[in-house]
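Single-structure report; data block below.
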Amino acid sequence: TNRPIRRALVSVFHKEGIEVLAEAFVKAGTEVVSTGSTAKKLAELGVKVTEVSDVTGFPECLDGRVKTLHPYIHAGILADMTNPEHAKQLEEFGIKPFDLVVVNLYPFADTVRSGANEADTIEKIDIGGPSMVRGAAKNHATVAIVTDPADYALVASRVADGTGFSLDERKWLAAKAFAHTAAYDATINEWTAKHWPKPASLDAVEVDKDDQGTEVDSAKFPAQFTRTWDRAHTLRYGENSHQQAALYIDPLNQTGFAHAEQLGGKPMSYNNYVDADAAWRTVWDMAPAIAVAVVKHNNPCGLAIGATAAEAHKKAHACDPMSAYGGVIACNSKVTLEMAESVRPIFTEVIVAPDYEPAALELLQTKKKNLRILKVAEPPKGHEAIRQIDGGLLVQDTDLINAVGDDPDAWKLVAGEAADADTLKDLVFAWRAIRCVKSNAILLAHDQATVGIGMGQVNRVDSCHLAVERANTLADGADRATGAVAASDAFFPFADGAQVLIDAGVKAIVQPGGSIRDEEVIEAAKKAGVTMYLTGTRHFFH
Ligand code: 93A
Numbered sequence: 188t189n190r191p192i193r194r195a196l197v198s199v200f201h202k203e204g205i206e207v208l209a210e211a212f213v214k215a216g217t218e219v220v221s222t223g224s225t226a227k228k229l230a231e232l233g234v235k236v237t238e239v240s241d242v243t244g245f246p247e248c249l250d251g252r253v254k255t256l257h258p259y260i261h262a263g264i265l266a267d268m269t270n271p272e273h274a275k276q277l278e279e280f281g282i283k284p285f286d287l288v289v290v291n292l293y294p295f296a297d298t299v300r301s302g303a304n305e306a307d308t309i310e311k312i313d314i315g316g317p318s319m320v321r322g323a324a325k326n327h328a329t330v331a332i333v334t335d336p337a338d339y340a341l342v343a344s345r346v347a348d349g350t351g352f353s354l355d356e357r358k359w360l361a362a363k364a365f366a367h368t369a370a371y372d373a374t375i376n377e378w379t380a381k382h383w384p385k386p387a388s389l390d391a392v393e394v395d396k397d398d399q400g401t402e403v404d405s406a407k408f409p410a411q412f413t414r415t416w417d418r419a420h421t422l423r424y425g426e427n428s429h430q431q432a433a434l435y436i437d438p439l440n441q442t443g444f445a446h447a448e449q450l451g452g453k454p455m456s457y458n459n460y461v462d463a464d465a466a467w468r469t470v471w472d473m474a475p476a477i478a479v480a481v482v483k484h485n486n487p488c489g490l491a492i493g494a495t496a497a498e499a500h501k502k503a504h505a506c507d508p509m510s511a512y513g514g515v516i517a518c519n520s521k522v523t524l525e526m527a528e529s530v531r532p533i534f535t536e537v538i539v540a541p542d543y544e545p546a547a548l549e550l551l552q553t554k555k556k557n558l559r560i561l562k563v564a565e566p567p568k569g570h571e572a573i574r575q576i577d578g579g580l581l582v583q584d585t586d587l588i589n590a591v592g593d594d595p596d597a598w599k600l601v602a603g604e605a606a607d608a609d610t611l612k613d614l615v616f617a618w619r620a621i622r623c624v625k626s627n628a629i630l631l632a633h634d635q636a637t638v639g640i641g642m643g644q645v646n647r648v649d650s651c652h653l654a655v656e657r658a659n660t661l662a663d664g665a666d667r668a669t670g671a672v673a674a675s676d677a678f679f680p681f682a683d684g685a686q687v688l689i690d691a692g693v694k695a696i697v698q699p700g701g702s703i704r705d706e707e708v709i710e711a712a713k714k715a716g717v718t719m720y721l722t723g724t725r726h727f728f729h
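Structure (C-alpha cells):
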C-alpha cells in the first residue's frame, strides 16, 4: 500500500523546520507546488518549485484570501487515484494528482493573544489551509497529509528514500490532521462565542431552548460544547502513580494559575496542581486583605488574614500544624523575608504567590531545595467549572464570592444580639472562608483566622463535631471553640448540628438558612443567647 511521493503541495505559515523537507525534495527530485512565501523559501533552499498561480492560471487575489481555492489544486488533492474513474477525469482535465500535502495554518490563537483588533483577527482565520488539510485527510487513500512540523523528519526520510507511506500510516496522519482542523475551528468558535453574543434584535426572533423547554444562553451553553486545550506537557503521573496525566492550557488566554512561573523546586505533580490551584483561589477570596492559606487534599487546614504576610502565615499554620505538614501554601501578597523564615521549618510541597522579596526567594531557593516556588501574575478569574461524569459533562459558572448573600448588609439577624464590629469581621471572614471547604463544611474562626475546620463529612453533625474537636485538640489542648464564630456552607437540616457548636461555646453563627426546620435551629441559638445570621445564599463545594 506504500505510495511513493512524486508530487507535493506545500503551503506553510510557519517556515521553521522546512529545510529538512526541502533537502529531501531536492534529493528525490520531487515536483513541488507551493504558495507565495513558502515557494520563495523553498526556492531559496534549492527546490525546483512551481507557484500555485502557475498551476491554476489564476493569480492570488483578495489580499491572499484566495490562493489555493481552485479546482486545479483541490481536484489534485481529492482525486482517489485507486479509483480509475477519478484518474480518468484528472487526465481529461489535465490535472496532476498530489501524493503529499504539507500545510500549517494561519496562527489564529497567536493573533488573539497578541491583542490584535477584530479585523486583523478575522484575517487570520485560515480558509484555504483547512480546506487542503481536510481534503487530503479525506483522500488518505492516495495522499499523505502533514500538519505537524514534528513529523517533517519522518516525511523527509520517506520522500528521500522513495518509500512514501503505507495506508495505515496515511490514516494515522489523516487522523492527526482532522484533530488539528477541529481544534483550529474550536478555537475560532471560542473566540466568536465570546465576542459575538446574540444581539437584542434577535431576542424575539430566535430563541434557543433546551429539551425541557427552558430558554438557554447559547453563548454560554452552546448546543455542542467545544473547547480547545493545548497540551502544555505531560506529568510524571496522575493522582496515583499508575495513572498517566498531562496538563492542558487555554490557547487563547495564557494567564492564570496553569501558567505559573516556577522559580524553584521539583516539577509540579498532578496533586500539586490541584491543591495549589485551590489554595490560590482561596486566598483571593480574602482580597484586598493579606491572606495565607495552607491546603492539603484540596481542603484548607488553615486560612488567615494578617497585617503582614508573615503574620497571616503564622495564624494559618497555627490552625492545624499537624495537617500543614506536606501542604501547599498560597499567599495573595508578596512573600516577605519574614514570611519565608516562618515557612522555612515546615515541610511544604508548594508555595504560590504573586511575587517574592528577593531575599525571601533566595532563602526559599537555597534552604528549601525541593519546595516548588510558583509566581502567578494575576488573581484567578471566574471561568466555567467543568466536571466529567460517565458519558457526559456538567458545566456551570464558577462559584464566586459575589453572591447577594455574601454581603453582610444583606444578612438577616435571627437570634441573639447584633454582632459587635470584631465579631462581625470574624463572621464575614468565616463566611468567605467556608466556600473553599469541601461540603459538608463547618468552620470556626477567631481573630481573622480559622481555628477548627470540619470538612467533607456526609452529615453536617459530624462536620460540627470535627470542627470543634480540631479547635480544641490541635492547639495543645487549649479551648479555641469557646468565643469563636462559626460558619456553615449550607443550612442546618436539624437543630442538632448547630447545638454541637452552641454547646462548644461559639458566640455567633452564620449560615444560609432555608431549612424547613429553620425555626428549631434559630430557637436553639436564641435559647443559648448565640447570635445567628442567615445569608440566604449557600456555598456548597463538592
Ligand atoms: O487566505 S486563505 O484562507 N486562502 C487560501 O486560498 C489559502 N491557501 C493557503 N489562506 C490560504 N493558505 C494559507 O496560506 C496556508 O494555510 C498557509 O498558512 C499560508 C501559506 O501562505 P504563504 O506560502 O504565502 O506564506
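Take the position in the sequence shown, starting the count at 1, then add 187; the result is the number in our numbering.
Here a beta-carbon is modelled for each residue, glycine too, at the ideal position from N, C-alpha and C.
**Item:** 8 angstroms contact criterion, which L439 and R300 should meet: CB distance rounded
**Value:** Mapped onto the sequence shown, residue 439 falls at position 252. Mapped onto the sequence shown, residue 300 falls at position 113. Confirmed, about 7 angstroms.
**V159 versus V320 - alpha carbon distance** = Only positions 188 to 729 of the chain appear in this structure, which leaves residue 159 out of reach.
**Request:** Anything with a beta carbon under 7 angstroms from a heavy atom of the ligand 93A counts; list them all in chain order.
**Result:** S198, V199, F200, S221, T222, G223, S224, T225, A226, G251, R252, V253, K254, T255, L256, V290, N291, L292, Y293, D313, I314, G315, G316, M319
**Item:** Whole runs of the beta strand (DSSP E) within the stretch 563-609, excluding any shorter than 3 residues
**Value:** 571-576, 579-584, 599-602
**Distance CB(M642)-CB(A620) smaller than 9 angstroms** = Taking the sequence shown and counting its residues from 1, the one referred to as residue 642 is at position 455. Taking the sequence shown and counting its residues from 1, the one referred to as residue 620 is at position 433. No.
**Message:** Measuring only the C-alpha atoms, how far is K157 from I576?
**Reply:** For the chain, the structure presents residues 188 to 729; residue 157 sits outside this window and is missing.
**Prompt:** Do G670 and V693 have their C-beta atoms within less than 9 angstroms of each other?
**Reply:** Here the question's residue 670 lines up with position 483 in the sequence shown. Here the question's residue 693 lines up with position 506 in the sequence shown. Against a cut-off of 9 angstroms, the Cβ pair of V693 and G670 comes out as a contact.
**Nonlocal neighbours in the same chain, by C-beta distance under 8 angstroms from V741, ignoring five residues either side** = Residue numbering for the chain in the displayed model covers 188 to 729; residue 741 lies beyond these limits and cannot be assessed.
**Same chain only: Cβ atoms within 6 angstroms of D397, ignoring 5 sequence neighbours per side** = Taking the first residue of the sequence shown as position 1, residue 397 is located at position 210. Here the set comprises V403.
**Request:** Rank H729, V655, D417, P475 by C-alpha distance to the C-alpha of R622 and give the top, closest one.
**Result:** Against the sequence shown, residue 622 aligns to sequence position 435. Cα-wise, what sits closest to R622 is H729.
**Message:** Give me the residue from L229, K214, E218, N486 with the minimum Cα distance to E206.
**Reply:** Mapped onto the sequence shown, residue 206 falls at position 19. Taking only the C-alpha atoms, the option nearest E206 is L229.
**Message:** Can you confirm whether the stretch 501-517 touches the stretch 532-549 when touching is taken to mean that 3 or more C-beta pairs between the two stretches lie within less than 8 angstroms?
**Reply:** yes
**Message:** I need the straight-line Cα distance from V687 to V648, nearest angstrom please.
**Reply:** By 1-based counting over the sequence shown, the position of residue 687 is 500. By 1-based counting over the sequence shown, the position of residue 648 is 461. Cα to Cα, V687 sits roughly 7 angstroms from V648.
**Request:** Determine, using beta carbons only, whether F678 and G700 come nearer to each other than 9 angstroms.
**Result:** As a first step, residue 678 is located in the sequence shown; it is residue number 491 there, counting from the start. As a first step, residue 700 is located in the sequence shown; it is residue number 513 there, counting from the start. It is a contact, given that the beta carbons lie within the stated cut-off.
**Message:** Going by DSSP, what residue range makes up the beta strand (DSSP E) through T374?
**Reply:** Walking along the sequence shown from the start, residue 374 turns up at place 187. That residue, T374, is in no beta strand (DSSP E); its alpha helix (DSSP H) goes 354-382.
**Asked** So what does DSSP say about I516, is it helix, strand or coil?
**Response** As a first step, residue 516 must be located in the sequence shown, where it is residue number 329. Note: I516 maps to strand in three-state DSSP.
**Request:** Using three-state DSSP, classify T255 as helix, strand or coil.
**Result:** Residue 255 sits at position 68 when you count from the first residue of the sequence shown. Of the three classes helix, strand and coil, the one that applies to T255 here is coil, per DSSP.
**Prompt:** Roughly how far, in whole angstroms, is the beta-carbon of I573 from the beta-carbon of V582, given that I think they are within contact range, below 8 angstroms?
**Reply:** As a first step, residue 573 is located in the sequence shown; it is residue number 386 there, counting from the start. As a first step, residue 582 is located in the sequence shown; it is residue number 395 there, counting from the start. That belief holds up - the Cβ atoms of I573 and V582 are roughly 5 angstroms apart, short of 8 angstroms.
**Request:** Express the C-alpha separation of S353 and G244 in angstroms, rounding to a whole number.
**Result:** Residue numbering aside, residue 244 sits at position 57 when the sequence shown is read from its first letter. Residue numbering aside, residue 353 sits at position 166 when the sequence shown is read from its first letter. Rounded to the nearest angstrom, the two C-alpha atoms are 33 angstroms apart.
**Prompt:** At a cut of 8 angstroms, does the stretch 602-610 reach the stretch 705-718 through at least three beta carbon pairs?
**Reply:** yes
**Item:** Contact under 9 angstroms by Cβ, Y259 with V236
**Value:** Looking up residue 259 in the sequence shown gives position 72. Looking up residue 236 in the sequence shown gives position 49. No, Cβ-Cβ distance for Y259 and V236 is not below 9 angstroms.
**Request:** Would you be able to state if there are at least three C-beta pairs under 8 angstroms between the stretch 213-231 and the stretch 329-348?
**Result:** yes
**Asked** Using a Cβ-Cβ distance under 9 angstroms, would N458 count as near chain C?
**Response** Going by chain labels, chain C is absent from the structure shown, which holds only one protein chain.
**Prompt:** Straight-line CA distance for F295 to P386?
**Reply:** Start at 1 with the first residue of the sequence shown, and residue 295 comes out as number 108. Start at 1 with the first residue of the sequence shown, and residue 386 comes out as number 199. Going from the Cα of F295 to the Cα of P386 covers about 25 angstroms.
**Request:** Could you spell out the range, first to last residue, of the beta strand (DSSP E) harbouring E448?
**Result:** The residue given as residue 448 occupies position 261 in the sequence shown. Element bounds for E448: 448-451.
**Prompt:** What separation, rounded to the nearest whole angstrom, lies between the Cα atoms of Q449 and D335?
**Reply:** As a first step, residue 449 is located in the sequence shown; it is residue number 262 there, counting from the start. As a first step, residue 335 is located in the sequence shown; it is residue number 148 there, counting from the start. Approximately 28 angstroms, taken between the alpha carbons.
**Prompt:** Could you check where the alpha helix (DSSP H) with L548 kicks off and where it finishes?
**Reply:** Residue numbering aside, residue 548 sits at position 361 when the sequence shown is read from its first letter. First-last of the alpha helix (DSSP H) with L548: 545-554.
**Prompt:** Is the stretch 248-255 in contact with the stretch 268-280, if contact means three or more CB pairs nearer than 8 angstroms?
**Reply:** no
**Request:** Give the C-beta separation of K283 and R414 to the nearest angstrom, bearing in mind that I take them to be a contact with Cβ-Cβ under 8 angstroms.
**Result:** Sequence index remark: in the sequence shown, residue 283 carries index 96 (1-based). Sequence index remark: in the sequence shown, residue 414 carries index 227 (1-based). That pair is no contact at about 40 angstroms.
**Request:** Would you grab the beta carbon distance between T553 and G569 for me? Rounded to a whole angstrom, and I think it's under 8 angstroms.
**Result:** Locating residue 553 in the sequence shown gives position 366, counting from the first residue. Locating residue 569 in the sequence shown gives position 382, counting from the first residue. The pair is not a contact, with the Cβ atoms about 37 angstroms apart (cut-off 8 angstroms).
**Request:** State buried or exposed for M719, treating a residue as buried only when at least 16 other CB atoms are found within 10 Å of its CB.
**Result:** Mapped onto the sequence shown, residue 719 falls at position 532. By the neighbour-count rule (16 or more Cβ atoms within 10 Å), M719 is buried.
**Message:** Would C651 and A617 be called neighbours here (beta carbons separated by less than 9 angstroms)?
**Reply:** Numbered from its first residue, the sequence shown carries residue 651 at position 464. Numbered from its first residue, the sequence shown carries residue 617 at position 430. No, these two residues do not count as a Cβ contact at 9 angstroms.
**Message:** Mapping the DSSP letters down to three states, classify C248 as helix, strand or coil.
**Reply:** For this step, residue 248 is matched to residue 61 along the sequence shown. Looking at C248 - three-state DSSP - the assignment turns out to be strand.
**Item:** Whole-number beta carbon distance between V717 and A691, since they are thought to touch under 8 angstroms
**Value:** Indexing the sequence shown from 1 puts residue 691 at position 504. Indexing the sequence shown from 1 puts residue 717 at position 530. Going by Cβ atoms, the distance from A691 to V717 rounds to 11 angstroms, so no, they are not a contact pair.
**Asked** With distances taken from CA atoms, which of T637, D683, S675 is nearest A668?
**Response** Within the sequence shown, residue 668 is the residue found at index 481, counting from 1. Per the Cα distances, T637.
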